[in-house]
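In the UniProt record's numbering, the protein residues as written are 1 to 446.
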């Protein structure tokens, strides 16, 4: 019945008895208590964005009441099945985080595996208590620190030390945090840095160029780094590309770009990075995700894809283009030239392994299938979530024709499309299965 004690202080202020207390609870809190008491299915996640809701504020108008609630939530994290705690857009007081940490402290049985803090505190001093939460959560694997205000150097140091000491953490995500570079260098770089973190996701941050090179040099544990909306100059992107090309230890680097036609540096940076990271002797380690917002940026994205399919750029192992409404959507007869010209090349030198397209363009579809006829590298083609106007009967016939000559493709994803439900997806999978048998037979010695 521990969950019911969450609201005892608020009930006392209002002069309620226990029955009144139960009936007056906000619905979200009543539902939470039922889960925690085991009256309904146990929960494995707890989201506290409801703390800023109008219904909640009406019931808990005083800071002291919310702080008392946070103490109980901390205790819940120790005694329940909760594995994920998300505090979003609440801006809780430092005392709230102290109470959360106090509830967790000293108990190694906490099931908490994921902590998401998004615009979560009023004052950056709360981060000291977040450090305590990290130290107490011995199973914590995922940490999100998003949209958080400026922080004093001492506080960054305390948080960094908590990350260094965490041996369970696998994924660290930072987005719009001014102190991110200092945290990364303190916690992950050098001989004493954290060696359990394998994946980084970094977005909307400045000055990461030198920091990234330092991390990738000194931290052998990093396997994947995701970068998005970073403010780096084309020269910094070029340096990062060269570093990835020359680095002995491969780390998968995913770059997500939301292309704006008003920012030419974005496109220049992408192309510069992809070219600089290319190597004739190393396997590709870059994953590129482009979301062009204009027809012009869409065509530039296709130009880059063409260079990758022709084997002129060989740094990419995965390429995803998300452009749902390009104006360049006609058939071949509508256009003077191919959208993906091969320039006399067969595509045999391409190293791209995975291609994902979310594009409403029948003309692009025809050109792509033509390019893939001689391709010997692409094994996975993702067409999921494409509109029916692109994946029609004609497109299906074209794809099945490709599978008659291309034995390299191993997987074609058509989930969330009409092909998934009308039987065409099953026919595609059967064709791929038969191709694997054909490829296996052709490889056997006579």
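Cβ coordinates follow ideal geometry from the N, Cα and C atoms, glycine included.
Tell me, to the nearest whole angstrom, how far the beta carbon of residue i is from that of residue j; I am working on the premise that it is less than 8 Å.
i           : j           : result
residue 239 : residue 209 : 6 Å
residue 166 : residue 194 : 7 Å
residue 200 : residue 185 : Not really, about 13 Å apart at Cβ, beyond 8 Å.
residue 288 : residue 274 : 7 Å
residue 183 : residue 156 : 6 Å
residue 435 : residue 403 : 6 Å
residue 382 : residue 355 : 7 Å
residue 151 : residue 101 : The pair is not a contact, with the Cβ atoms about 17 Å apart (cut-off 8 Å).
residue 172 : residue 146 : Incorrect: roughly 11 Å between the Cβ atoms, too far for contact.
Among residues of its own chain, excluding the 5 on either side of residue i, which ones have a beta-carbon nearer than 7 Å to its beta-carbon?
i           : result
residue 405 : 373
residue 285 : 244, 250, 251, 252, 253, 317
residue 99  : 67, 70, 71, 74
residue 439 : 407
residue 229 : 203, 204, 258
residue 149 : 124
residue 97  : 121, 126, 129, 130
residue 63  : 93
In three-state terms, what does DSSP make of residue i?
i           : result
residue 411 : strand
residue 345 : coil
residue 313 : coil
residue 380 : strand
residue 82  : coil
residue 181 : helix
residue 72  : helix
residue 116 : strand
residue 166 : coil
residue 427 : helix
residue 245 : helix
residue 221 : coil
residue 194 : coil
residue 406 : coil
residue 155 : helix
residue 99  : helix
residue 299 : helix
residue 438 : helix
residue 339 : coil
residue 137 : coil
List the DSSP bridge partners of residue i.
i           : result
residue 254 : 226, 287
residue 173 : 144, 201
residue 87  : 117
residue 321 : 290, 357
residue 92  : 121
residue 111 : Per DSSP, none; premise fails for residue 111.
residue 206 : 231
In chain order, what residues of the same chain have a beta carbon less than 6 Å from the beta carbon of residue i, not counting five sequence neighbours either side?
i           : result
residue 309 : 347, 350, 371
residue 137 : 110, 112
residue 300 : 267
residue 396 : 424
residue 160 : 183, 186, 187
Once you ignore the five residues that flank residue i on each side, which residues in its own chain have a CB closer than 8 Å to its CB?
i           : result
residue 196 : 166, 167, 168, 169, 170, 221
residue 422 : none
residue 280 : 314
Can you determine whether any heavy atom of the ligand FAD sits closer than 7 Å to the C-beta of residue i, and answer yes or no?
i           : result
residue 170 : Annotation note on the ligand FAD: not contained in the displayed structure, which lists no ligands.
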